[in-house]
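Counted from 1, the sequence shown has number 71 at position 71 by full-length UniProt numbering; the numbering is strictly sequential. A virtual CB, placed ideally from N, CA and C, is assigned to each residue, including glycine. Reviewing the structure listed below.
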Amino acid sequence: MAQNESSHKETTSKCLGHTKKKIPILNFVVIIVSVIAAIASGASLYVSITTRAQLMSSFDSVASAFDGHGSARDDKVDDSSDNRKKTIRKTEGEGEIDGWHVKFVSVDSSRRDFSGAATIVLTYQVTNSTGDNENPPSGVKFQAFQNGQALRHATFGDAEPDNYDFFNQLQDGVTMTLTTGFKLLDDSAPVTIEIEGLSDNASKTVISKQFSLQ
1 MAQNESSHKE TTSKCLGHTK KKIPILNFVV IIVSVIAAIA SGASLYVSIT TRAQLMSSFD
61 SVASAFDGHG SARDDKVDDS SDNRKKTIRK TEGEGEIDGW HVKFVSVDSS RRDFSGAATI
121 VLTYQVTNST GDNENPPSGV KFQAFQNGQA LRHATFGDAE PDNYDFFNQL QDGVTMTLTT
181 GFKLLDDSAP VTIEIEGLSD NASKTVISKQ FSLQ
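Structure follows, in structure tokens:
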């Protein structure tokens with residue numbers, strides 16, 4: 001009986017010894033499994049972030065390509081608009097501008113402006129052919145050139161020529177004689193005077209004539 005109890009104790013002691021040896025191994029296995037799980041989770045997160053970044057990059061590329069196509073298209077439209085050039089018809093001394101018949105009559109270089117500077121005064125006729133009561137063509141630009149340089153508009157003060165820069169309305173079909181003037185740079189060099197319309201039409205007329213001061 002004593003021998004059996006001793007044998008039982010010995011067996012129990014051996015089992016406990018084996019169990020104690022297995023516990024550290026189990027702990028190690030648990031740690032390894034936890035590490036592997038953490039690595040797998042991190043890898044999954046990395047793949048998710050990378051995939052998202054790739055998708056965003058692809059989206060940005062598509063958007064950029066679309067915008068570039070739109071910009072190129074807009075540029076093409078703008079270029080086509082710029083390529084539409086106006087047809088300019090030049091006439092000497094007389095022509096039609098925006099419903100008005102304009103005729104250069106004569107020039108006078110004997111007048112002085114309010115400061116005493118030499119001037120050239122253009123006398124011209126306008127005929128209203130617009131079909132309505134209108135001001136003489138205010139939407140026009142007068143220019144004068146001498147020796148290739150633009151001349152400034154002349155100011156006479158109280159000594160203005162008749163109908164100088166006249167802007168009152170005229171009835172349809174009425175002709176009126178008007179005047180405008182420029183300050184000379186040279187008392188003897190010829191002067192070229194031009195008038196052109198400012199309307200945004202596909203074609204326009206430029207009336208031009210050179211006048212001698214001799």
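{"Asked": "Separation of F211 from T180, as counted between CA atoms", "Found": "14 Å"}
{"Asked": "7 Å Cβ cutoff met for A189 and N147", "Found": "yes"}
{"Asked": "Whether I120 touches V191 by CB criterion (7 Å)", "Found": "yes"}
{"Asked": "According to DSSP, residues forming a beta bridge with S109", "Found": "Looking at the DSSP assignment, S109 forms no beta bridge with any residue, so it has no partner."}
{"Asked": "Residues bridged to N128 (per DSSP)", "Found": "W100"}
{"Asked": "Buried/exposed call for V174, threshold 16 Cβ in 10 Å", "Found": "exposed"}
{"Asked": "For E94 and L122, the rounded distance between their alpha carbons", "Found": "13 Å"}
{"Asked": "Cβ neighbours of D186 in the same chain (closer than 7 Å, five flanking residues each side left out)", "Found": "Q146, N147"}
{"Asked": "Between the CA atoms of I97 and R112 - distance to the nearest angstrom", "Found": "30 Å"}
{"Asked": "Nearest-angstrom Cα separation, counted from L184 out to V107", "Found": "12 Å"}
{"Asked": "Exposure of A159, with buried meaning 16 or more beta-carbon neighbours within 10 Å", "Found": "exposed"}
{"Asked": "Close-in-space but distant-in-sequence residues of the same chain around N128 (CB under 7 Å, 5 per side omitted)", "Found": "W100, E134, L170, Q171, D172, G173, V174"}
{"Asked": "Reference K103, options T87, S109, P136, S203, closest by Cα", "Found": "P136"}
{"Asked": "Pick from V140, F114, V105, S115 that is closest to Q125, judged by C-alpha positions", "Found": "V105"}
{"Asked": "7 Å Cβ cutoff met for V140 and I195", "Found": "yes"}
{"Asked": "Member of A154, F142, D165, Y164 whose CA lies at the smallest distance from the CA of L198", "Found": "F142"}
{"Asked": "Reduced DSSP secondary structure (H/G/I, E/B, other) of A117", "Found": "coil"}
{"Asked": "Whole-angstrom distance between A150 and K204, CA atom to CA atom", "Found": "21 Å"}
{"Asked": "Backbone secondary structure at A150 - three-state DSSP", "Found": "strand"}
{"Asked": "Integer-rounded CB distance, given that F182 should sit under 8 Å from R152", "Found": "7 Å"}
{"Asked": "Integer-rounded CB distance, given that L178 should sit under 8 Å from N163", "Found": "5 Å"}
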